[in-house]
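Here is the structure we will look at, set down as structure tokens.
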Amino acid sequence: MKKAKIIVILVVSVLALVVSLQNTQAVETKLLFATVTMPRVLLLTLTFVGGFIVGLVTASQILGRSRKSTTKTTK
Numbered sequence: 345m346k347k348a349k350i351i352v353i354l355v356v357s358v359l360a361l362v363v364s365l366q367n368t369q370a371v372e373t374k375l376l377f378a379t380v381t382m383p384r385v386l387l388l389t390l391t392f393v394g395g396f397i398v399g400l401v402t403a404s405q406i407l408g409r410s411r412k413s414t415t416k417t418t419k
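In our numbering, the protein residues as written are 345 to 419.
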């Protein structure tokens, strides 16, 4: 099981490296009233991290509600 986990981590890491090396061009992004120029890989990374954080917060809220409802029904 540990070998499979290591292999999956290595494959995902190599794929992330390939994607980042292919997306080094500068892109202009409009953020409200400002225009920001940054490498495309940075924009992709920030978008991924932002989505991951939103997913974690949403999942914790849903799990917190379900835990509260199960403790109320058992008391």
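For glycine and all other residues, C-beta sits at the position ideal for the given N, C-alpha and C.
DSSP, reduced to helix, strand and coil, places L361 within a helical segment of the structure shown. Boundaries for T368: no beta strand (DSSP E) harbours it, and the DSSP string shows neither H nor E there. The continuous beta strand (DSSP E) containing M382 extends over residues 378–383. Taking C-beta atoms under 8 Å as the contact rule, S357 and V385 fail to qualify, at a distance of about 15 Å. L387 and T373 do touch by the CB rule: their CB atoms are close to 6 Å apart, below 8 Å.
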